[in-house]
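A quick write-up on the structure given underneath.
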Amino acid sequence: MHLRDATPADHPALHDLWARTPGIQLRNEDARAPFCAYLARNPGLSLVAEVDGVPVGCLLAGHDGRRGYLQHLTVDPAWRRRGIATALIETVLARLAAQGIAKSHVFVLDAAPEALAFWRAREGWGERRDIRVFSTLEHPA
């Protein structure tokens with residue numbers, strides 16, 4: 001397994017991976033143009049895990065200057081339980097720390113039981129019960 005920076009050329013393969021992964025909810029922001037803009041705004045923070053040149057996992061990440069945000073952590077089901085997600089998380093957190101970002105957040109859908117179990121079992125991560133997230137409503141493009 002090889003980790004590398006995500007590039008705009010990865011979008012079709014990653015979008016396909018997200019689309020077939022339970023617990024990943026695709027939105028307009030996952031289209032090619034917003035994906036490319038996100039990579040440009042957060043250089044070197046989003047990663048792809050490859051095996052023999054084929055993407056088998058990914059993690060998008062960025063920050064607002066204070067907190068990191070991890071999104072779309074995905075590992076193809078055939079490649080799970082091999083440490084790929086852990087390698088993606090550890091590498092991204094180290095890159096965020098190098099930029100002075102010591103705390104990160106990940107948002108997990110209630111309708112994603114596997115993802116909830118994964119994050120609840122992660123050492124060093126705690127589920128927040130003191131806040132609620134409010135988002136703008138999505139408008140069709």
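Using our numbering, you'd call the opening residue of the sequence shown number 1 and step up by one each time.
Don't be surprised by glycine CBs; every beta carbon is placed ideally from N, CA and C.
Contact belief for L17 with C58 at Cβ below 8 Å, rounded distance in angstroms
By one-based count along the sequence shown, residue 17 stands at place 17. By one-based count along the sequence shown, residue 58 stands at place 58. In this structure, L17 and C58 form a Cβ contact; the two beta carbons are roughly 7 Å apart against a cut-off of 8 Å.
Using only CA atoms, which one of R122, H105, L137 and T86 lies nearest to I131?
Locating residue 131 in the sequence shown gives position 131, counting from the first residue. With distances taken between Cα atoms, I131 lies closest to H105.
In chain order, each beta strand (DSSP E) run of at least 3 residues that lies wholly inside the region 28-100:
Look at the region 28-100 and you find these whole runs of beta strand (DSSP E), each 3 residues long or longer: 47-51, 54-63 and 67-75.
Is G83 near the ligand MG, going by C-beta to nearest heavy atom under 7 Å?
The ligand MG is not part of the structure shown, which contains no ligands of any sort.
P8 to G124, Cα distance in whole Å?
As a position in the sequence shown, residue 8 is number 8, starting the count at 1. As a position in the sequence shown, residue 124 is number 124, starting the count at 1. Their backbone Cα atoms lie some 31 Å apart in a straight line.
Would you mind giving the Cβ-Cβ distance between R120 and E127, rounded to the nearest angstrom? I have them listed as a contact below 8 Å.
What you label residue 120 is simply residue 120 of the sequence shown in a count that begins at 1. What you label residue 127 is simply residue 127 of the sequence shown in a count that begins at 1. Indeed, because the Cβ distance is near 6 Å, the residues count as touching under 8 Å.
Please state whether DSSP places R129 in a helix, a strand or coil.
In the sequence shown, counting from the first residue as 1, residue 129 sits at position 129. It is coil, neither helix nor strand.
Could you name the residues of the same chain whose beta carbon sits closer than 7 Å to that of D76, not counting the 5 residues immediately before and after it, in chain order?
Reading the sequence shown from its first residue, position 76 is the one you call residue 76. Cβ within range, chain order: L17, V56 and G57.
Mind checking which residues open and close the alpha helix (DSSP H) that includes L109?
Within the sequence shown, the letter at position 109 stands for residue 109. That residue, L109, is in no alpha helix (DSSP H); it is neither H nor E in DSSP.
What does R4 pair with, by DSSP beta-bridge criteria?
Here residue 4 refers to the residue found at position 4 of the sequence shown. Note: R4 sits in a beta bridge opposite V48.
Which residues bound the alpha helix (DSSP H) around D10?
The residue given as residue 10 occupies position 10 in the sequence shown. Under the DSSP assignment, D10 falls outside any alpha helix (DSSP H); it carries neither an H nor an E label.
S104 bridges to which residues according to DSSP?
Residue mapping note: residue 104 aligns to position 104 of the sequence shown, counting from 1. Answer is G68, bridged to S104.
Within this structure, are the beta carbons of H72 and L96 separated by less than 8 Å?
In the sequence shown, the residue the question calls residue 72 occupies position 72. In the sequence shown, the residue the question calls residue 96 occupies position 96. No; because the gap between Cβ atoms is not below 8 Å, this pair is not in contact.
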